[in-house]
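Protein chains in written order, with the numbering used here: chain C, 1 to 290; chain P, 1 to 276.
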């Protein structure tokens, strides 16, 4: 099979990618760890000193941290709930025989390709603005009071925006999974008189289980790091109402120039993301064997 | 009888799917429409859908006031540049892992994937400081480096799953016929690998074009790509809906078109081959 020569050639071909990624992981990570033990503010250069674990202490006992943790969970959970439920329903709908299926698919997938800053600003200004947004016009036509979404329901609004971006992704993956479902199985169940809800529960849903897991895990990785949408709509406010962990660390390090505190926050974010990552890796690793 | 029922079911499914598809697409459609309105028409109440004076002035104004095409060009350079460099590094690696798998190939692949799990904010501070000290802040070079590295695992993985599907027998046959490693890659592997490489290229340009954490944090005026440029509309300037729409339409149009072409590969690329 593979000769010794081709084996060493292979090693040579893999090494640039491995070395670069290794450097990309180790250098910044060890610096983050190092900074997190320093009292280090960019406004006071030359004043760095060893601070032990005090940065972690301040970060983890800061009420803003708990707000950020809660907001992160609400944001990730809310978007996941909307996109999974919506995605399953849409995938089933799009899997039905219909005219112009390709066109509908193209329409549904489109939001995924819109850059985060554009979608956030379009929603914020042209839809959710309480004076001149489309929702305000709609509410007026219905005889309702216009609603200031980003002021009175900021987290809900951001969940809505982010869900709009990720619903296409969930739909597309679940639709791909749907198409590998053996339709004879469903037809047989239908002949046997199984009602639609039962067919969904006992045949379709178990078939989609794997794809749903993949969607949940991958979206979670990205949703933990939602940033641009918050930056251009609410700046984390009002107060800390929409500050997630990513935004909190950004604010602490690049707005307050607190390198030490921001680094400690970064380490906390890494630890939390890794808990999710372990599950995802196991999932994909299993697939690699199959 | 059965046929009539099927047809009715098909009609209902069609109507429902088109309605929902239209609703999901509507914000994009609305942005494109608004970009052709005057500012007054853009905030008119009740809103004007199609019957307004169509104008191109917003596009001209956006370009004039902010040199839009410089930012557009930044986006092109950063996304295409990082993707091409990424491919140059990843193609040999993926080739070796797919055709000369060793005992630890799987571990290396999984480890590469794990670097993708690193939340960007966890390394924001050191990257920012390194960039500040090396003069890479607000340069296209700096962003190309970062985006190459963050997308490298995805590129390797996508290529790997494509290369895996190329039958190894063909390579063996070429080797039997005395093909060198170089000609094996050049004349046997490359033609079969081109479709996979093309999909990988497309998907990664899309990802890099829309990347909005590093581009926002590492650029100011000079090297800002469109993601960062559009973010400047979050100030009251964003209330000029027609101009915001024109800038947005130009920013998303090329990627929308590329995206529609690559929708099938998207599934494979973003799930690391876990769903095909």
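Just so it is clear, CB atoms sit at the ideal spot from N, CA and C, and this is done for glycine as well.
Remember, it's a predicted structure, so these values are computed and weren't measured experimentally.
Coarse secondary structure for residue 39(C), derived from DSSP in three states: In this structure, DSSP gives residue 39(C) an extended state, which the three-state scheme calls strand.
Beta carbon of residue 211(C) nearer than 8 Å to that of residue 174(C): Contact annotation: residue 211(C) and residue 174(C) have beta-carbon atoms nearer than 8 Å.
Please say whether residue 13(C) and residue 95(P) have beta carbons closer to each other than 8 Å? A contact, by the Cβ cut-off of 8 Å.
Proximal residues to residue 189(C) (C-beta, below 7 Å), its chain only, five neighbours per side dropped: Excluding sequence neighbours, residue 189(C) sits near 199, 203.
Status (buried if at least 16 other CB within 10 Å, exposed otherwise) for residue 1(P): Interpretation of residue 1(P) is limited by its pLDDT of 41, a score under 50 that renders its predicted location unreliable; the figure taken from the coordinates is listed afterwards. So residue 1(P) counts as exposed.
Apply the 10 Å Cβ neighbour rule to residue 255(P) and answer buried if 16 or more other Cβ atoms are within range, or exposed otherwise. It is buried - the Cβ of residue 255(P) has at least 16 other Cβ atoms within 10 Å.
For residue 71(C), which residues in chain P fall below 8 Å Cβ to Cβ? Against residue 71(C), chain P offers no close residue; the least beta-carbon distance is about 14 Å (beta-carbon pairs closer than 8 Å).
Could you tell me which of 143(P), 186(P), 166(P), 163(P) sits nearest to residue 283(P), measuring between CA atoms? Limits of chain P in this structure are 1 at one end and 276 at the other, which puts residue 283(P) out of reach.
Measure the alpha-carbon distance for residue 136(C) versus residue 147(C) and round it to whole angstroms. Each residue's alpha carbon lies about 7 Å from the other.
Between residue 205(P) and residue 79(P), how many whole angstroms is the CB-CB distance? I'm expecting something under 8 Å. About 5 Å separates the Cβ atoms of residue 205(P) and residue 79(P), confirming a contact at the 8 Å cut-off.
Comparing the C-beta of residue 45(P) with each C-beta of chain C, is any distance below 8 Å? Yes, residue 45(P) counts as interfacial toward chain C.
With burial defined as no fewer than 16 other Cβ atoms inside 10 Å of the residue's Cβ, what is the status of residue 264(C): buried or exposed? By the 10 Å Cβ count, residue 264(C) comes out buried.
Do the CB positions of residue 74(C) and residue 224(C) come within less than 8 Å of each other? Going by C-beta atoms, residue 74(C) is not nearer than 8 Å to residue 224(C).
Taking the DSSP output, what are the residues bridged to residue 95(C)? Bridge partners of residue 95(C): none, in fact.
For residue 208(P) and residue 147(P), believed in contact at Cβ under 8 Å, the rounded distance: Residue 147(P) to residue 208(P), Cβ: 5 Å. Contact.
Identify which residue in 193(P), 39(P), 229(P), 47(P) has its Cα closest to the Cα of residue 141(C). Its Cα nearest to that of residue 141(C), the residue 47(P) stands out among 193(P), 39(P), 229(P), 47(P).
Which residues, taken in chain order from the region 87-105 of chain C, show a beta carbon closer than 8 Å to some beta carbon of chain P? Of all residues in the region 87-105 of chain C, 90, 93, 94, 96, 97, 98, 99, 100, 101, 103, 104, 105 have a Cβ within less than 8 Å of some Cβ in chain P.
Note down the Cα distance separating residue 119(C) from residue 85(C), rounded to an integer number of angstroms. Straight-line Cα distance between these residues: approximately 22 Å.
Compare the Cα-Cα distances from residue 232(P) to each of 185(P), 68(P), 58(P), 103(P) and report the closest residue. For the set 185(P), 68(P), 58(P), 103(P), the Cα lying nearest the Cα of residue 232(P) is the one of 68(P).
Give me the Cβ distance between residue 88(C) and residue 208(C), rounded to the nearest whole Å; I'm assuming they're in contact under 8 Å. Rounded, the Cβ-Cβ distance is 7 Å, consistent with contact.
Is residue 54(P) helix, strand or coil when you go by DSSP? The answer is coil: DSSP assigns residue 54(P) none of H, G, I, E or B.
For residue 290(C), which three-state DSSP category applies? Legend: pLDDT at residue 290(C) = 47, less than 50; position of this residue unreliable, no value from coordinates given.
Between which two residues does the alpha helix (DSSP H) carrying residue 74(P) extend? For residue 74(P), the enclosing alpha helix (DSSP H) has its first and last residue at 68-99.
Short of 8 Å Cβ to Cβ, which residues in the region 114-129 of chain P face chain C? Taking 8 Å as the Cβ-Cβ cut-off against chain C, the residues of the region 114-129 of chain P that qualify are 114, 115, 116, 117, 118, 119, 120, 121, 122, 123, 124, 125, 126, 127, 128, 129.
Looking at the structure shown, is residue 48(C) part of a helix, part of a strand, or coil, going by DSSP? In the three-state reduction of the DSSP assignment, residue 48(C) falls in the coil class, being assigned neither a helical nor a strand state.
I need the straight-line Cα distance from residue 187(P) to residue 10(P), nearest angstrom please. Roughly 48 Å separates the two Cα atoms.
Is it true that the CB of residue 245(C) sits closer than 8 Å to the CB of residue 117(C)? Cβ distance not < 8 Å, so residue 117(C) and residue 245(C) don't count as in contact.
Would you call the CB atoms of residue 258(P) and residue 202(P) closer than 8 Å? Yes; because the gap between Cβ atoms is below 8 Å, this pair is in contact.
How would you list, in chain order, the residues of chain C whose beta-carbon sits under 8 Å from the beta-carbon of residue 14(P)? For residue 14(P), the chain C residues whose Cβ falls inside 8 Å of its Cβ are 98, 99, 100, in order along the chain.
At a CB-CB cut-off below 8 Å, which residues of chain P make contact with residue 262(C)? Within chain P, the residues placing a beta-carbon under 8 Å from that of residue 262(C) are 124, 125, ordered along the chain.
Taking 8 Å as the threshold (C-beta atoms), are residue 250(P) and residue 72(P) in contact? If you check the CB distance, residue 72(P) and residue 250(P) come in under 8 Å.
Mapping DSSP to helix, strand and coil, what is residue 169(P)? Three-state DSSP puts residue 169(P) in a helix.
Residue 28(C) versus residue 125(P): straight-line alpha-carbon distance, rounded: Roughly 8 Å separates the two Cα atoms.
Check whether the region 92-110 of chain P touches the region 228-238 of chain C, taking contact to mean three or more Cβ pairs, one atom from each stretch, closer than 8 Å. Contact between the region 92-110 of chain P and the region 228-238 of chain C is absent: fewer than three C-beta pairs spanning the two stretches fall below 8 Å.
Which listed residue (239(C), 176(C), 181(C)) has its alpha carbon closest to that of residue 265(P): The option with the nearest alpha carbon to residue 265(P) is 176(C).
Any beta carbon from chain C within less than 8 Å of residue 176(P)'s own beta carbon? For residue 176(P), no CB of chain C lies under 8 Å from its own CB, so it is not counted at the interface with that chain.
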